[in-house]
Structure formats: C-alpha cells, structure tokens
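Participant:
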Amino acid sequence: MLPRLLISFVTVWLIIGLPLPIKSKSLLVNQQMSPPAWALMERELLRLNSEACELFANKYLDKKGYLLHVPRWGTLDGPDDAIETFHNWTLLHALGGSERVLELFKLALEGHLKQYSALRTVKTDLARHGAYHNEFITMSDWFHTGEGMRGFMFQGLSEPASKKLIKRMKRFTGFYINEDPKAPNYDPKHKIIRSLWNGSKGPLLKKATTYDWVGDPVVGRFHLLHSPHGTTKFLDFEKYYPKMLAHCSEYLDSVGDHPLNLASTNLALNSYMLTQEKKYLDWVVEYVDAWKKRTEINGGNIPTNIGLNGKIGGEFGGRWYKGTYGWNFTIFDGEIEKIAHRNTFSAGMWPGFGNAFLLTGNPAYINTLRRQISNLYAQKKLVRGQLMIPQMFGDPRGYQFTGQERWYHWTNNLFTDRLLEIYLWSMDRNDLKHLPKTGWLNYLEGGNPNYPEQTLQNDFKYIRNVILAIKNDPTTPKTRLADWLLSFNPAKTDNLVNLMLGGSLAGRIWTLHTRVRYFDPVNKRAGLPEDVATLVEKLTKDSLTLTLVNTNQIHPHEVIIQAGAYGEHLFNSVTVGNQEISIKKSSLLVRLDPGCGAQMVFNMKRYVNQPTLSAPWQ
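When we follow numbering that gives the first Met the number 0, the leftmost residue of the sequence shown carries the number 0, and every step to the right adds one.
Here it is as structure tokens:
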C-alpha cells in the first residue's frame with residue numbers, strides 16, 4: 000500500500016500548484032528499502048568506471064590531450080581508432096559517471112583534432128595537409144568515420160547547451176546538406192551521397208588507392224593488430240608495409256552511394272535535437288526515404304551501390320550487390336592470406352532507419368529492416384544440425400567475378416543484435432520469433448532473476464582485467480599505434496544501458512534508443528545523482544517497470560526520470576503499490592527519502608514527442 004505521506008506530498012505539490020524547478024510532475028518515495036545487491040554494484044561500477052578512465056588518461060594522454068602513440072593516416076590504425084578509444088566516455092557521464100570523465104573526454108577530443116590536423120602524408124592526397132579539415136575527417140568511409148565519432152555523438156546528452164558543441168555539430172552536418180560549397184557530398188536531385196569516401200573536402204569521385212586506405216609507412220616496431228600475429232609479436236612496420244597494402248588491394252571502388260553513408264544521419268539528428276531546426280529533420284527523412292524506396296524496388300534487399308545517376312547498381316551495370324563493403328565483397332586479404340567476406344549492409348542501414356523512426360515514429364522504417372532480415376532467413380538451412388543464413392550475394396567466386404549470382408556464405412551469424420533492435424523499437428511480439436531467450440532479453444521476459452547481479456559482476460571483472468593490462472602494457476609511445484589502445488579502454492557501459500535505461504547498444508548504433516534516461520536536478524546535470532540506483536525490470540509496448548532506490552541511509556536525493564533518451568516518449572501515469580498517479584508529461588521528478596525505494600510501473604506512449612537534447616529544466 001502506498002504510504003499516506005506519499006499521497007499527501009503528491010496532492011499538495013500537484014493540486015496546490017507549488018512552483019516546480021522543472022517542467023516535470025513530482026513524486027515522493029518514503030517507503031524503506033534495503034539496498035539490493037544490484038543497486039550497490041551499479042553505484043560501485045559507476046564510481047570504478049570513472050576512476051579507471053582517469054587512470055587510463057593519466058598514462059596515455061599528455062597535458063595537451065594528445066594520445067601518446069605514433070599517429071598515422073589510414074583505416075587500419077588511423078585517426079578513427081585514436082579517438083574511438085574514448086567512444087563511451089560521454090555515455091558514461093550521461094549515466095552518472097564523474098564530471099572528470101567528461102572533462103577528460105573533451106581534453107582528448109580537442110587534443111585529437113589538433114594532433115591529427117597536424118598529420119601530413121606523402122603517398123595519399125587525403126591527408127597531405129592534415130587528416131582533418133574544419134575539424135572533420137577530410138575523406139573516409141562511414142564504417143570508420145562513425146567509429147571515430149561515437150563519443151562525440153553522445154556529448155549532447157551531457158552538454159546540450161554547449162555553444163562549441165552546437166557550432167561543431169551544425170558545421171559537420173553542413174558537409175552533408177550542402178551548406179559548405181567545398182564539400183558537395185550530397186546530390187539533392189538524386190538524393191544520394193556521391194561516394195563511399197566523403198567528408199569535409201567532399202566526395203572522392205574516382206577509384207581510391209591502397210595508399211588512401213593504408214597511409215604512409217612509419218619507422219618502428221609495433222603490434223599490428225590486423226596481422227595474423229595480433230598482440231603476440233612486434234613487427235617492423237616498414238618491412239611489413241607491403242602486407243598492409245595487400246590487405247586493401249581490392250578496396251578501390253568508391254563512386255556512388257553506399258548504405259554505410261546512412262550513418263551520416265546521426266549528425267543531422269543531433270543538430271536537430273540540439274537546435275530544433277526543421278531543416279535537419281527534413282534532410283534525414285528525405286535521405287532515408289530515398290534508401291527506403293530503393294530497397295523496396297530491390298525486393299527488400301538494400302542495394303550496396305547507387306550510381307551517380309541515382310540508379311540502383313548504377314556504377315556496376317545494374318548489379319545492386321557490388322561495391323566496396325557490398326553484398327559481393329568477397330576478397331583475398333593479402334595480409335592474412337585468406338579469403339574474407341566483408342559485407343557491411345547493416346552498419347549504416349540500422350542507424351539511419353532508426354534515426355528516421357526516432358524522428359517520425361513511422362513504423363514503415365522498421366518494416367523495411369524487418370523485411371531485409373526476413374529475406375535472409377528465407378534462405379536458411381541446417382548445416383550439421385545448426386541453423387545458418389547467408390551473409391553474401393553475387394558470384395561466390397569473389398568480388399572480381401560477375402558470373403551467376405546467388406546467396407552464399409552461410410554462417411551461424413543470425414543477426415540477433417539487429418533483431419533485438421527491431422524488437423525494442425516495435426515491441427511487436429512477432430519480432431521475437433528468431434530471437435533466443437538469453438541474457439538480458441531472457442531477464443526482461445521473466446527468466447533468471449539473478450541476471451543483473453551476474454552481468455554486473457562480469458563488468459567488475461572486465462574493469463579489473465583492463466586495469467591489469469594497462470599496468471602491464473609493454474608498449475611505449477614510440478611502439479604503439481592507435482588501434483593498440485582500443486582494448487585498453489576501461490569504461491564498460493553496455494550492460495548499464497540495458498539495466499538502467501532499458502535500451503541496447505549491441506549493434507553499430509550511435510543514437511541512444513532507450514525507454515528512459517535520468518537527470519540530477521540539484522546539480523543540473525545528466526545521469527543518476529549520487530547514491531541513486533535504478534533497474535529496468537520489464538518492458539512492454541505501453542509500459543515500463545523499474546525499481547528506483549536511494550542507497551544512502553542518511554540523506555535524501557532527487558532524480559528526474561525522462562521518458563526516452565531524448566524525451567521522445569510520454570508518461571501517461573505511474574503506479575506505485577496500488578496507487579496510480581496521472582503524469583501526462585515526458586518527465587517525472589522523484590524525491591527519495593533516505594534508505595527508501597519503490598518499484599514503479601509506468602503507463603506510457605512511445606515515439607509521440609519530437610526528440611530533444613534539452614534538459615527537463617531548460
């Protein structure tokens with residue numbers, strides 16, 4: 000039964016109309032709750048994550064924010080890897096990590112832009128005058144550009160009013176909506192981004208070279224992680240350099256649009272959420288709709304090349320499956336000396352269509368994704384008793400061949416991460432049919448009540464192992480490349496996003512699709528306040544069940560719960576005990592008395608508000 004004091008508080012606050020510090024309704028929780036194990040572990044993980052990030056920065060960053068390594072141009076160990084090391088630090092802060100984490104990310108970002116803007120190449124023109132122009136990569140593919148921008152894409156969660164952030168995001172978006180005449184990446188007539196290679200200096204409208212992909216050789220011995228030796232052996236870079244060129248010997252076709260470019264919609268989405276300027280929303284919808292139409296025309300299979308004429312397969316005689324990183328990108332990797340199948344159709348499709356869905360709430364975007372996966376499952380077969388689906392289409396002999404086209408390369412990669420994203424967006428029970436009931440999903444479905452504690456324990460183990468690896472790192476600034484440090488990032492946030500926010504970042508998604516997000520109204524910042532822990536326990540199409548607890552037995556705390564990462568959802572009401580309270584807003588202010596907590600069941604409408612990065616008090 001709801002305590003009488005809670006009912007009284009709500010009545011006085013809401014009916015009498017006392018002035019609220021935020022545009023939220025409010026709720027008092029004064030029911031005692033001993034801190035559950037998951038709550039204590041969650042709070043400790045937020046603290047340890049933050050401390051571990053400081054330890055990493057103290058060792059691998061100098062005072063200017065320069066990463067202590069040998070900087071190089073290239074996609075194997077280049078600028079995207081250098082800043083990707085910090086990919087989830089802004090997210091950690093937005094969950095409730097320390098202020099220092101955000102400060103260190105910004106230090107690393109500013110240092111990175113300066114460090115790589117000063118880089119000069121000889122063998123490729125793409126970085127002859129620096130890897131960055133106007134603080135953005137000169138030209139690259141969005142598989143790699145996106146990797147390097149993950150942390151930046153989440154910076155607005157914590158700093159929605161930052162003038163520097165807004166200025167940068169609008170400038171970067173301008174490279175793709177034709178606001179910079181020196182970067183004509185987008186063709187508004189055919190609604191295409193004109194090349195796989197694009198950026199602040201525009202599109203690459205010719206074949207790339209292996210040097211564009213690999214960059215210049217450098218002097219020294221390094222762990223070359225793309226090599227068969229991986230982390231086990233230092234290799235002489237100059238002697239090994241021909242092998243790196245051989246890695247990319249077939250990565251040359253660049254002209255025309257590719258679904259990877261859909262990831263660029265993250266820039267426009269963030270610009271819209273920062274400014275609410277409609278032109279950004281309009282461009283995302285226009286560009287994604289063009290890809291949606293092409294996919295429908297192509298039988299539900301997303302094409303991996305659109306010619307400069309706007310035609311499907313236009314650069315390859317109508318062969319929709321061609322292009323670097325396309326459906327038929329089966330190549331011989333001369334570095335590992337093996338055949339490699341490198342189709343990346345989903346890496347841009349999912350973030351792009353997900354962004355359009357977030358902006359419009361139109362389920363047609365989900366339908367397109369669902370149909371693409373269904374097309375693959377329609378080709379399923381059992382191989383030695385194991386279900387397999389194809390990953391490739393075209394001539395199975397490889398990219399250089401144009402013979403009989405068919406599905407090929409069956410594997411047990413069943414795209415469960417993509418299926419989970421479809422389900423979380425749609426909440427259609429039919430979308431569960433190919434999803435195994437394991438891990439977090441199994442927990443949401445009522446299985447394994449110990450899952451939160453178990454998975455958080457694994458996160459403790461991860462941090463412990465990474466810190467040990469950092470302390471035992473055999474490299475020096477002169478013997479490490481950018482990609483070496485990717486595995487040393489101590490921040491672990493994926494499970495926290497599951498448990499705290501009711502969302503998933505399992506795939507290559509750089510937008511926070513979640514059921515809720517939290518704010519500290521006292522300190523006016525994103526993330527859970529000190530001592531407060533939360534657990535999302537159940538999700539349905541129109542409801543959310545979570546437990547919120549104040550682990551501090553002495554001091555009260557206030558927290559704002561927002562419906563959706565960007566306020567895109569609406570809380571109709573909340574039920575605590577047997578008492579239902581009307582909300583009809585996108586946020587709720589909760590006051591937690593010392594040592595108190597409650598399970599809350601929210602009735603909600605999803606995707607009914609325009610997404611915004613503005614804090615509830617703005």
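Just so it is clear, CB atoms sit at the ideal spot from N, CA and C, and this is done for glycine as well.
Please read all numbers here as calculations on a predicted model, not as lab measurements.
1) Considering just the uninterrupted stretch of the alpha helix (DSSP H) at residue 457, what are its terminal residues?
2) Along the chain, where does the beta strand (DSSP E) that runs through residue 314 open and close?
3) Closer than 8 Å by C-beta to residue 13: which residues in its own chain qualify, once you throw out the five before and the five after it? Chain order, please.
4) Mind the definition here: the stretch 38 to 53 touches the stretch 525 to 534 only if three or more C-beta pairs lie below 8 Å; say whether that holds.
5) Out of curiosity, what's the CA-to-CA distance linking residue 441 and residue 201?
6) Can you check whether the CB of residue 147 is closer than 7 Å to the CB of residue 191?
7) Look at the Cβ atom of residue 258, then the Cβ atom of residue 387, and state whether they are nearer than 7 Å.
8) Taking Cβ positions, are residue 255 and residue 307 nearer each other than 7 Å?
9) Measure the CB-CB distance between residue 621 and residue 199 and report whether it falls below 7 Å.
10) Check residue 548 in the structure and name its three-state DSSP category.
11) When DSSP labels each residue in this structure, what does residue 291 get in the three-state scheme?
12) Assign residue 343 to one of three DSSP states: helix, strand, or coil.
13) From the DSSP output, which residues share a beta bridge with residue 525?
14) Rounding to the nearest angstrom, what Cα-Cα distance links residue 272 and residue 546 in this structure?
15) Rounded to whole angstroms, what's the CA-CA distance from residue 157 to residue 92? Just pull it up for me.
16) Quick check on the DSSP output: what are the complete beta strand (DSSP E) runs of length 3 or more inside the stretch 356 to 407, in order along the chain?
17) List the endpoints of the continuous alpha helix (DSSP H) containing residue 624.
18) For residue 141 and residue 149, what's the separation of their Cα atoms in angstroms?
19) The alpha helix (DSSP H) that contains residue 596, what's its start and end?
20) Identify every run of the alpha helix (DSSP H) within the stretch 56 to 115, keeping only runs that are complete inside it and at least 4 residues long; order them along the chain.
21) Hey, residue 538 and residue 514 are a contact pair by Cβ (cut 8 Å); roughly how many whole angstroms apart?
22) Leaving out the 5 sequence neighbours to the left and right, which residues in its chain are closer than 8 Å to residue 458 when beta-carbon positions are compared?
23) If you count every other CB in all the chains shown that lies within 10 Å of the CB of residue 30, and 16 or more means buried, which is it?
24) Once DSSP output is grouped into helix, strand and coil, what is the label at residue 612?
25) For a test of the three-state rule: what should DSSP assign to residue 177, helix, strand or coil?
26) Would the beta-carbon of residue 702 fall within 7 Å of that of residue 418?
27) Measuring CA to CA, which of 105, 524, 579 and 359 is closest to residue 608?
28) Determine the extent of the alpha helix (DSSP H) in which residue 270 is found, giving its start and end residues.
29) Excluding five sequence neighbours on each side, which residues of the same chain lie with their C-beta closer than 7 Å to the C-beta of residue 571?
30) Provide the residue(s) that pair with residue 568 in DSSP beta bridges, ordered along the chain.
31) Sorted by chain position, which residues of the same chain lie with C-beta nearer than 7 Å to residue 206's C-beta, five sequence neighbours on each side aside?
32) If you measure between the beta carbons of residue 95 and residue 527, is that distance less than 7 Å?
33) Return the CA-CA distance between residue 362 and residue 288, expressed in angstroms with no decimal places.
34) Which residue or residues does DSSP assign as beta-bridge partners of residue 537?
35) Could you have a look at residue 331 and say whether DSSP puts it in helix, strand or coil?
36) Mind checking who residue 557 pairs with in its DSSP beta bridge?
Facilitator: Let me lay it out:
1) 450 to 470 is the extent of the alpha helix (DSSP H) around residue 457.
2) Under the DSSP assignment, residue 314 falls outside any beta strand (DSSP E); it carries neither an H nor an E label.
3) Bear in mind that the predicted position of residue 13 carries a pLDDT of just 33, short of 50, making it unreliable; the figure below should be weighed with that in mind. 24 and 25.
4) These segments touch.
5) Rounded to whole angstroms, residue 441 to residue 201 spans 46 Å at the Cα level.
6) No, the pair does not count as a contact, with Cβ atoms beyond the cut-off.
7) In this structure, residue 387 does not lie closer than 7 Å to residue 258 by Cβ.
8) Taking 7 Å as the Cβ cut-off, residue 255 and residue 307 qualify as a contacting pair.
9) Here the chain has residues from 0 to 617 only, and residue 621 is not among them.
10) Note: residue 548 maps to strand in three-state DSSP.
11) Under the three-state reduction of DSSP output, residue 291 falls in the helix class.
12) Coil at residue 343, not helix or strand.
13) According to DSSP, residue 525 bridges with 518.
14) Rounded to whole angstroms, the gap between the alpha carbons of residue 272 and residue 546 is 29 Å.
15) Computed Cα separation, rounded: 7 Å.
16) You should have 380 to 382 and 385 to 393.
17) The question about residue 624 has no answer, for the chain in this structure spans 0 to 617.
18) Cα to Cα, residue 141 sits roughly 11 Å from residue 149.
19) First-last for residue 596: 596 to 604, but that is the beta strand (DSSP E), not the alpha helix (DSSP H).
20) Qualifying alpha helix (DSSP H) stretches, in chain order: 78 to 83 and 88 to 94.
21) The Cβ separation is near 6 Å, so the contact holds.
22) For residue 458, the CB contacts under 8 Å within the same chain, skipping 5 residues up- and downstream, are 44, 491, 494 and 495 in chain order.
23) It is buried - the Cβ of residue 30 has at least 16 other Cβ atoms within 10 Å.
24) Residue 612 falls in the coil class under three-state DSSP.
25) The answer is coil: DSSP assigns residue 177 none of H, G, I, E or B.
26) In the structure as shown, the chain begins at 0 and stops at 617. Residue 702 is therefore absent and cannot be evaluated.
27) Measuring from the Cα of residue 608, the nearest candidate turns out to be 359.
28) Its alpha helix (DSSP H) spans residues 264 to 274.
29) These residues qualify, in order along the chain: 582, 583, 602, 603 and 604.
30) Residue 568 is not bridged by DSSP to any residue.
31) The residues are 251, 252 and 253.
32) Cβ distance < 7 Å, so residue 95 and residue 527 count as in contact.
33) Counting only the Cα atoms, residue 288 lies some 13 Å from residue 362.
34) Residue 537 is bridged to 544.
35) Residue 331: strand per DSSP, three-state reduction.
36) Bridge partners of residue 557: 590.
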